[in-house]
Each structure stands twice: as structure tokens, then as C-alpha cells.
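Read through the structure below, which is laid out as C-alpha cells, and then see the notes.
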Amino acid sequence: MLRTARLLGAISRRSGRGGGTALPGLLVERVAPGLVSDLSASLPHGNILVTGTNGKTTTARLIAALLQHAGLRVVHNRAGSNLLRGIAAALVQGTAAGNDRGIGLFEVDEATLPAAVGLVRPRLMVLLNLFRDQLDRYGEVDTVAQHWRSALTALPAGSGVVLNADDPFVASLGRGFPGPVTYFGLDDPGAALREREAAADFVECPACRLPYDYTLTFYGHLGHYRCQNCGSGRPEPQVRATSAHNNGPAGTAITVQTPGNTVTVNLPLPGLYNAYNLLAALATGAALQLPEAGAAAAIESVRSAFGRGERFQFEGRPVVMLLIKNPVGANQVLRTIRDEPGDKNVMIALNDLTADGEDISWIWDVDFEQLAGTTGAVVTSGRRAADMALRLKYAGWFETHRRDDAGVTRPTVLPDLEQALRTALYQLPSGATLYLLPTYTAMLALRRILSRLGMVRPFWETEG
Amino acid sequence: MKLRLAHLYPDHMNLYGDRGNVLCLQARCRWRGIDLEVVRLGLGDPFNAAAYDLVFIGGGPDREQVRVAQDLTEVKGRALKEAVEAGVALLAVCGGYQLLGHHYRPAAGPDLPGLGVFDAYTEHPGPAAKRCIGNLVAQRNGMMLVGFENHGGRTYLGPGSTPLATVERGFGNNGRDRTEGACYRNAFGTYLHGSFLPKNHRFTDHLLGIALERRGVRDLLTPLDDTLEERAQVAARKLALEPRKRFPWSDQM
Chain X
1 MLRTARLLGA ISRRSGRGGG TALPGLLVER VAPGLVSDLS ASLPHGNILV
51 TGTNGKTTTA RLIAALLQHA GLRVVHNRAG SNLLRGIAAA LVQGTAAGND
101 RGIGLFEVDE ATLPAAVGLV RPRLMVLLNL FRDQLDRYGE VDTVAQHWRS
151 ALTALPAGSG VVLNADDPFV ASLGRGFPGP VTYFGLDDPG AALREREAAA
201 DFVECPACRL PYDYTLTFYG HLGHYRCQNC GSGRPEPQVR ATSAHNNGPA
251 GTAITVQTPG NTVTVNLPLP GLYNAYNLLA ALATGAALQL PEAGAAAAIE
301 SVRSAFGRGE RFQFEGRPVV MLLIKNPVGA NQVLRTIRDE PGDKNVMIAL
351 NDLTADGEDI SWIWDVDFEQ LAGTTGAVVT SGRRAADMAL RLKYAGWFET
401 HRRDDAGVTR PTVLPDLEQA LRTALYQLPS GATLYLLPTY TAMLALRRIL
451 SRLGMVRPFW ETEG
Chain E
1001 MKLRLAHLYP DHMNLYGDRG NVLCLQARCR WRGIDLEVVR LGLGDPFNAA
1051 AYDLVFIGGG PDREQVRVAQ DLTEVKGRAL KEAVEAGVAL LAVCGGYQLL
1101 GHHYRPAAGP DLPGLGVFDA YTEHPGPAAK RCIGNLVAQR NGMMLVGFEN
1151 HGGRTYLGPG STPLATVERG FGNNGRDRTE GACYRNAFGT YLHGSFLPKN
1201 HRFTDHLLGI ALERRGVRDL LTPLDDTLEE RAQVAARKLA LEPRKRFPWS
1251 DQM
């Protein structure tokens, strides 16, 4: 059975049909459901689950770097294949050798969390954030929050949680939790927004049903909040960033206080959302009491997860790929692009397959308005290329145009991804950067095309 | 020229990109030199029947529907019904549409009384019932309407309301009688989002036309370049009519 699954993964990779990360897992899931519990229980250092709407893949990578730095051998569903079958696949491939330093690290889908807790019995659960995402698939935010609450009660006795203090939903899970709780949060007023984004979920005190007062908002509903009525609010984080400074394309410089240390990390990833991912990873390290010496260097060596800020070159011109999948995440990506210097061309690829969310309404909750008038040539692509172009039109992207004397331009609308990519690349003038913003399945397809063009390595080769 | 839009419960009823409907109305006014003022009215805010040319209410999670239903019937209801009788252009999407019928029976818990703007009622067949989720295409007297629907409740119309459109693909009001949405005077309810108005620009201009006509300035509804709108609508219909073919592992590759 194990051998069959491993072989299937190899065949799937060899045939170029994909990373082969999900298919063997699917087989295991169907044929031997007990295998996941058995294999994960065999790992001597236990298992960690990471979930949240945004940042799972990147955070898991950062945690993996800390675990490896601590001398552990990480079994990790690294290819972003985070449904149960992805965990099954990682276990099948990772528990092969005698692994006495083995630890499981699995990113799981928001909706998969309760099932994953039952199967994997984690010693630590990391909860990053909860935003509205793919309502057609996951249901309303309330439904997901309910799933998480029941997942927490199903944790084995003594298990710990790492929680985002700045997310009222996530932080509230720590109240009354019987095991150890490690909170992380951002304490830099300079990184706050002046007003809340349109995509922010309405957040209120669960006891008083009154809206929280925010003294600081970082993004979405993340910030410093307090109920005026009962006084409950953001818990004091044990792992806190005292400053987060955006260095443009070079990444972000973040100073973090942990219970025993202050460390400055030059994170090679852009955007405030990645500062949160770093905090979550360092809080996980604190919860596991991993050695802090050298942790910053270990994290600084992490490359971005595929599609999450990957940078490559086309004839000497920089191309950056940033995954977009829900309003809050997409707003962060747009904010990052806005803050980067230089001329910017943009290609947005919007698909509506199951993994993207079939309902594309979410693009209307994204503040595309913040890039209006700052972009060069714009290409839209994917199954919903026309919807995307329409969204940009109503965001004012084509009303006043920086480069065009006539004042108005039109987007190039090409549903075919390869055609669109080639057009966007050849339209890119020297000195400008092309930002590729795909949804999940469009990102995988674009990566296949880029690897065929020799611009990137296939992701299953970069995952080793 | 200035028009006023009342956006009802923007903090509580704002699922599924409902904001796009307001952005669309604003832009299509702006491109015509009309100033559209958007007034956000939340829980507890009174509604002045004579103050608005347009009214919009979006969808919300079940949790919020209880409070909104109460506010609708106790705070804004009377004036809102008065405005509808006087011919205000009103659009209600999904949850907002459900609350403008006679009642909404949730999957669990007591019935929520509705405002009764539409002669319609909505019942959720219970937690085990499948939600109506997917692309929706409907035809309204030769005007195509496209979008995405996602609702648990099934809506049934009485004789006092007419359907907004006839379902070509999807569930619509209840998945049985091929009706989609409801109309009463100049009030329209629909399950279509996506957002609804941007891709259904003819319907958007129909709403704006009603509002302008009541002010006696219908000629301000000048034609716009709708090439992208047209293209998005045709593409959406094509995708909606596409046969569903899916493998369980395909979404991970």
C-alpha cells in the first residue's frame, strides 16, 4: 500500500501532470484511512498543525526552518496541498526512513481542521487569522469559527495553542483553554492603517454584542481592540513585534520580543502579512522552547513559497508572482505593490475552479482602487478574465492613466493563461516590474508554463 | 444633478461582494455627470421615506439577519414601505430580499417576521438540505441576468409579486418553479450576486432610469461604453452553461 502510493507520486511527477503531492494522498485517504493516524503517531516529536485563512504555507515554511535549525527532521506537506490527502501524502513519503528526530508539521485548510485534529492528535496548534474566504466552499466565517472551537476541545490533554492576539476571533479561542497558550501580536503603531478596509469583517464583543473599539488597525480586522462595555479585548502577546519596517523589494525588517530575547529579522518577504507569519513562527518556537540562537539566520534563508512573492527574471526584467485568493489577502498584496518603487505592469489571472472558489464576488470586496492610476499595461486572464477587467474598470484603473496621453486605456483581456503571460512579458518595458497576481489554480498553471519557458523550476523540485 | 442612495445595514449585510453593487451605481452615475450620494444606515438609524431616490440592501449571515429583521420591522419598516409605495427604486439581494418577504423560516429557531414588501415567503428546508449554490442565468423579457447564487432558504411568490426573471440555469427562488427574484412596483429582490449590478448593466441602468424619471430628468441616462460589461456577461453565461465535470483530485494540481 505504502509502496503503491509512493510509486504513484513518482509517476504523477514524472508525467508532468503536477507535483504528485495530492494523488498518492488521495489513494491513502480512500484505501487506508487509519494510516494517517498510525503514521503521524509514529513521529517521536509529535505533530504541529497550522491553519488560518491567510499565511499557512509561508508560516509553515518559517516554522520548518526553525525546526530544522533545532536539529529536527520535518515531515511537512510543503507543496501547499493542505487538504487531508496532502497530509497523507507527506506522511507516506516522509516516514519512510527510520526517523528518530521526526516531527510532523502540517498546514491544514480552515474547514479540514476538526478532521485533522482527530487524525493527527497534534501537540501544538497554530491559528493565524480568520477572514472571509470562499463562502461557497467554507460557509460563513461564523461556521468556520464554530469548527475551530470544536477542534480545540478535541485536542489531546496538555496540547498547546499559538494564537494571534490581534485577531479577535482567534484570540477569543484562548479564553478558558486548559492548555498552554502563546499569543503573538504587532505593537508598532507606525504600521497601522488610518481607516479600516472595506473587506474587514464586522467584529464585536461576543458577550456584549457591541462593536469593538479599535485603537490601531493593521489590516482586515487585525489590530488593537477593546470592548467599551465589559473591557475585554486584545490579550497581551508574549511574542510581539515592536517594529515592522517595509524595505520594499528587499523584504521587511522586524524587531521581535520573545519571553527571553529581542531579535531583529530581515525577512526576505514583503508586506505586513508576512510580519505576522514571522511572529507566528517565532511564537511557535517559543511554545516549543526551540533554541533562539541562530533562529533569525535560519529564517532569513527561507525562500518564498511558490507563488507567494516569488521573483524571477524575463530577459533581465523582474517578474514577481503574488497569490491572491480572498479580499483581505489581496488587499495586502496590493498594498505591498503600491509601496514598491518603479514602473509596474500588472497581470491578474482569475479562475473560478473549486480550489479558487467558484464564486468570484470576492473581487468586489478587494480595494483595487488603491492601485488606480499607478499601473502601466494591464492584462487580465483566467476563466474569469472579463469579470476581472470589469472590476478594474469600476476601480478606476482605466479612467485616468499615467502613461497614456489620451487619458484612457483598456485592459488586454485574454482568458488563455499562456497567451496572456506571453503578452504581459513582451509588453514589459525595461526598467519596469511585472506583477503576476493569480488565484490558486491559475498560479499552478502559470508556474507550469513558466517552468516550460525555463523561468522557474517545477515546484516539486524546489520543495525538497 | 444629485441622487441619494440609502445603503441599508452596510456593516451587517455585506456578504458576497455586495459592495460592488454600490460601486457600480456610483460609477455609472459619475460617468454621466450625476452625483450619487451614498448614505449608510445601520441598526437604529431612522429611515426618511422622502429622502432617497434609491435603496440597497445586501445579504448577511444568519446571525445578523435576526437583528436586521427586528430593526427593519421596528425602526425602518413603516417609512421604507411608504417609500416603496411612492415608487422608490429598491434593490434587495439574497438575505435582504428574504427579509422583505412576509417571513423567513431559518434552518433552526423561530420564524423571522419580514417586512412584506414582496408577496413572498422564504423557508429553509432544514440543516440537512443542500444549499442552492452555483452560477445562475435568468431571462427577464429579453434582458439577460447573470450571477452567482448561494442560499439555503427557498422563496415562494404569492400573487401580489411578479418574478424578476425566469431561470435558464441554476436554482433561482426555490429550484422548482423556475422563477428568480421578485418585483413589486419599483422594488426588486434577487438571489443574484457576483456582484449583481456590474455584469447586468442594463438592469443597473433600468434602476437609475427609474430614479431619474421620478426627478423628471430621464434624459440624463446617456449611453456608456459597455464593451467590458457585455463581454463579462456573455462569458459568465457561457461558463454557467458549461457541463460540470470534476475529478476529486483536479483542484490540487
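Residue numbers (the numbering used here), protein chains in the order written: chain X, 1 to 464; chain E, 1001 to 1253. Glycine residues also receive a C-beta, built at the ideal position from the N, C-alpha and C atoms.
- Message: Can you give me the C-alpha to C-alpha distance between residue 1069/E and residue 1009/E, rounded to a whole angstrom?
- Response: By one-based count along the second sequence, residue 1069/E stands at place 69. By one-based count along the second sequence, residue 1009/E stands at place 9. About 11 Å.
- Alpha carbon to alpha carbon, how far is residue 290/X from residue 58/X? What you label residue 290/X is simply residue 290 of the first sequence in a count that begins at 1. What you label residue 58/X is simply residue 58 of the first sequence in a count that begins at 1. Each residue's Cα considered, the two are about 19 Å apart.
- Message: So residue 1094/E contacts chain X; which residues on that side make the cut at Cβ distance below 8 Å?
- Response: Here the question's residue 1094/E lines up with position 94 in the second sequence. Within chain X, no residue comes near residue 1094/E; the closest Cβ sits about 10 Å away, beyond 8 Å.
- Message: Does the structure place the region 218-228 of chain X close enough to the region 278-294 of chain X that three or more beta carbon pairs sit under 8 Å?
- Response: no
- Query: Is residue 1222/E helix, strand or coil when you go by DSSP?
  - Reply: Translated into the one-based positions of the second sequence, residue 1222/E becomes position 222. Looking at residue 1222/E - three-state DSSP - the assignment turns out to be coil, as it is neither helix nor strand.
- Message: So, at 7 Å on beta carbons, what are the nonlocal neighbours of residue 175/X in its own chain, with the 5 sequence-adjacent residues on each side left out?
- Response: Taking the first residue of the first sequence as 1, we reach residue 175/X at position 175. Correct list: empty, nothing qualifies.
- Does any heavy atom of the ligand SAM sit closer than 7 Å to the C-beta of residue 123/X? This structure lacks the ligand SAM; in fact it carries no ligand of any kind.
- Would you mind telling me which residues of chain E sit closer than 8 Å to residue 413/X, beta carbon to beta carbon, in chain order? Within the first sequence, numbered from 1, the residue matching residue 413/X stands at position 413. Chain E residues near residue 413/X: 1228 and 1231.
- In chain order, which continuous runs of the alpha helix (DSSP H) of length 4 or greater are located wholly inside the region 321-392 of chain X? 327-339
- Query: In chain E, what lies closer than 7 Å to residue 383/X by C-beta?
  - Reply: Looking up residue 383/X in the first sequence gives position 383. Those within 7 Å of residue 383/X in chain E are 1239.
- Message: For residue 243/X, list the residues DSSP reports as bridge partners.
- Response: Translated into the one-based positions of the first sequence, residue 243/X becomes position 243. Answer is 255/X, bridged to residue 243/X.
- Hey, quick one: how far does the beta strand (DSSP E) through residue 1165/E stretch, first residue to last? What you label residue 1165/E is simply residue 165 of the second sequence in a count that begins at 1. Start and end: 1165-1169.
- Buried or exposed by the 16-neighbour rule on C-beta atoms within 10 Å, applied to residue 43/X: Within the first sequence, the letter at position 43 stands for residue 43/X. Classification for residue 43/X: buried.
- Out of curiosity, what's the CA-to-CA distance linking residue 1127/E and residue 1108/E? One-based indexing of the second sequence puts residue 1127/E at position 127. One-based indexing of the second sequence puts residue 1108/E at position 108. Residue 1127/E and residue 1108/E: Cα-Cα distance of roughly 7 Å.
- Going straight from the alpha carbon of residue 460/X to that of residue 447/X, what length do you get? Mapped onto the first sequence, residue 460/X falls at position 460. Mapped onto the first sequence, residue 447/X falls at position 447. With a pLDDT of 42 at residue 460/X, under the threshold of 50, the modelled position of that residue is not reliable, and no figure is offered here.
- Indicate the three-state DSSP secondary structure (helix, strand or coil) for residue 123/X in the structure shown. Working through the first sequence from its first residue, we reach residue 123/X at position 123. Residue state, collapsed to three classes: coil.
- Within chain X, partners of residue 1154/E - CB distance below 7 Å: Residue numbering aside, residue 1154/E sits at position 154 when the second sequence is read from its first letter. Here the premise fails: no neighbours, minimum Cβ distance about 18 Å.
- Query: Can you name, in chain order, every residue of its own chain whose Cβ lies under 7 Å from the Cβ of residue 367/X, other than the five neighbours on each side?
  - Reply: Locating residue 367/X in the first sequence gives position 367, where the first residue counts as 1. The beta carbon of residue 367/X is closer than 7 Å to those of 197, 198, 331 and 334 in its chain, skipping five residues each way along the sequence.
- Item | Other residues of its chain near residue 1240/E: CB distance less than 6 Å, five sequence neighbours each side excluded | As a first step, residue 1240/E is located in the second sequence; it is residue number 240 there, counting from the start. Excluding residues within five positions, the ones whose Cβ falls inside 6 Å are 1135, 1137 and 1169.
- Is residue 159/X buried or exposed, if buried means 16 or more other CB atoms sit within 10 Å of its CB? Translated into positions along the first sequence, residue 159/X becomes position 159. So residue 159/X counts as buried.
- Message: Let me confirm a value: residue 1084/E is counted as buried when at least 16 other C-beta atoms fall within 10 Å, else exposed. Which label applies?
- Response: Here the question's residue 1084/E lines up with position 84 in the second sequence. It is buried - the Cβ of residue 1084/E has at least 16 other Cβ atoms within 10 Å.
- Pick from 410/X, 180/X and 231/X: whose alpha carbon is nearest that of residue 392/X? Start at 1 with the first residue of the first sequence, and residue 392/X comes out as number 392. Nearest option by C-alpha distance: 410/X.
- Item | Residue interval of the beta strand (DSSP E) (run including residue 107/X) | Residue mapping note: residue 107/X aligns to position 107 of the first sequence, counting from 1. Segment 102-107, the beta strand (DSSP E) holding residue 107/X.
- Can a CB atom of chain E be found closer than 8 Å to the CB of residue 188/X? For the purposes of this step, residue 188/X is taken as residue 188 along the first sequence, with counting starting at 1. No, its Cβ sits nowhere closer than 8 Å to a Cβ of chain E.
- In the DSSP assignment, find the beta strand (DSSP E) that holds residue 1133/E and state where it starts and stops. In the second sequence, counting from the first residue as 1, residue 1133/E sits at position 133. Its beta strand (DSSP E) spans residues 1132-1140.
- Span separating the alpha-carbon of residue 241/X from that of residue 1121/E: Looking up residue 241/X in the first sequence gives position 241. Looking up residue 1121/E in the second sequence gives position 121. Answer to the nearest angstrom: the Cα atoms are 52 Å apart.
- Own chain partners of residue 351/X with C-beta closer than 6 Å, once the 5 adjacent residues on each side are dropped: The sequence position of residue 351/X within the first sequence is 351, counting from 1. Within the same chain, residue 351/X has close Cβ partners 382, 383, 439, 441 and 442.
- Item | residue 428/X versus residue 437/X - alpha carbon distance | Along the first sequence, read from residue 1 onward, the residue named residue 428/X stands at position 428. Along the first sequence, read from residue 1 onward, the residue named residue 437/X stands at position 437. Residue 428/X and residue 437/X: Cα-Cα distance of roughly 15 Å.
- Task: Enumerate, from N- to C-terminal direction, the unbroken beta strand (DSSP E) stretches of 3 or more residues contained entirely within the region 1006-1079 of chain E.
- Result: 1035-1041 and 1054-1057
- Item | residue 274/X beta carbon less than 8 Å from that of residue 252/X | In the first sequence, residue 252/X corresponds to position 252, counting from 1. In the first sequence, residue 274/X corresponds to position 274, counting from 1. Yes, they are a contact pair.
- Local Cβ density within 10 Å of residue 1225/E, reported as buried at 16 or more and exposed below that: What you label residue 1225/E is simply residue 225 of the second sequence in a count that begins at 1. It is exposed - the Cβ of residue 1225/E has fewer than 16 other Cβ atoms within 10 Å.
- residue 100/X, buried or exposed, once every other Cβ within 10 Å from all chains shown has been counted against 16: One-based indexing of the first sequence puts residue 100/X at position 100. It is exposed - the Cβ of residue 100/X has fewer than 16 other Cβ atoms within 10 Å.
- Pairwise C-alpha distance: residue 1081/E and residue 1183/E: Taking the first residue of the second sequence as position 1, residue 1183/E is located at position 183. Taking the first residue of the second sequence as position 1, residue 1081/E is located at position 81. In a straight line, the C-alpha of residue 1183/E is about 14 Å away from that of residue 1081/E.
- Evaluate residue 148/X with the Cβ neighbour count: other Cβ atoms within 10 Å of its Cβ, from every protein chain shown; 16 or more gives buried, anything less gives exposed. The residue given as residue 148/X occupies position 148 in the first sequence. Burial call: buried.
- Item | Beta-carbon spacing of residue 1090/E, residue 1197/E below 8 Å | In the second sequence, residue 1090/E corresponds to position 90, counting from 1. In the second sequence, residue 1197/E corresponds to position 197, counting from 1. Cβ atoms of residue 1090/E and residue 1197/E: not closer than 8 Å.
- Query: Distance, Cα to Cα, residue 1205/E vs residue 1193/E?
  - Reply: What you label residue 1205/E is simply residue 205 of the second sequence in a count that begins at 1. What you label residue 1193/E is simply residue 193 of the second sequence in a count that begins at 1. Counting only the Cα atoms, residue 1193/E lies some 17 Å from residue 1205/E.
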